[in-house]
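Data first, discussion second: the structure below is written as structure tokens.
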Amino acid sequence: MNRFTLTLMLVLAAGQARAETPQQILDQLTREAGSASASRGEQFYKARQGGGEAESCAACHTPDPRKGGQHVKTHKAIDPLAPVANRERFTDPAKVEKWFKRHCKEVLGRVCTPHEKADFAAYVISVK
């Protein structure tokens, strides 16, 4: 095996190692929180929060996370949130954390708790 082939194999393997399933992401969030509830997550997703610029998660993502939405301020299109409608959602832990950090501040005016993240993910991932 030549050096190029070995390097290519290592790069491909590293890329595959980073990809995770939504269930793996949920399992990690649940470990951090201690538990997760899809029903609490649905309430959280749809509730008017009043702490940030957006009134709820559903304000941008629509009440149905299987549908595309639109950011309330920028009017930028948002792809569906539910993994059943968008296979890329909840597959990259770094992106999941990045979006939680940004959007929790937009909706709640603060960082989400581990329980809120786990419940939210449990709901969105459970949507079929």
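Read in this note's numbering, the sequence shown has 62 at position 60, and its numbers run on one by one without any break.
The C-beta atom is built at its ideal place from N, Cα and C for all residues, glycine as well.
CA nearest to the CA of residue i, picked from the options
{"i": "Glu-90", "options": "Cys-59, Glu-108, Arg-33, Ile-127", "result": "Ile-127"}
{"i": "His-73", "options": "Asp-81, Pro-67, Pro-82, Cys-62", "result": "Cys-62"}
{"i": "Lys-107", "options": "Ala-38, Gly-53, Phe-122", "result": "Gly-53"}
{"i": "Gly-43", "options": "Val-86, His-77, Pro-67, Ala-96", "result": "Pro-67"}
{"i": "Ile-27", "options": "Ala-40, Phe-46, Phe-92, Lys-78", "result": "Phe-92"}
Residues near residue i by beta carbon distance below 6 Å, same chain, minus five either side
{"i": "His-117", "result": "Ala-35"}
{"i": "Lys-119", "result": "Leu-31, Phe-102"}
{"i": "Ala-38", "result": "Thr-32, Ala-120, Asp-121, Ala-124"}
Buried or exposed (CB count within 10 angstroms, at least 16 for buried), residue i
{"i": "Lys-100", "result": "exposed"}
{"i": "Gly-2", "result": "No statement about residue 2 is possible, as the shown extent of the chain runs from 3 to 130 and does not include it."}
{"i": "Thr-9", "result": "Residue placement at Thr-9 is flagged as unreliable, the pLDDT there being 45, under the threshold of 50; a coordinate-derived value is accordingly withheld."}
Cβ-based neighbour list, residue i, same chain, cut-off 7 Å, excluding 5 preceding and 5 following
{"i": "Lys-48", "result": "Ser-58, Ala-60, Pro-65"}
{"i": "Lys-75", "result": "Glu-55"}
{"i": "Gly-71", "result": "Cys-62, His-63, Thr-64, Ile-80"}
{"i": "Ala-40", "result": "Ala-124, Tyr-125, Ser-128"}
Whole-number beta carbon distance between residue j and residue i, since they are thought to touch under 8 Å
{"i": "Val-129", "j": "Ala-84", "result": "4 Å"}
{"i": "Asn-88", "j": "Asp-81", "result": "5 Å"}
{"i": "Gln-51", "j": "Val-109", "result": "5 Å"}
Residue i beta carbon near the ligand FMN (any heavy atom closer than 7 Å)
{"i": "Glu-57", "result": "In the structure shown, the ligand FMN is absent, as is every other ligand, since no ligand is present at all."}
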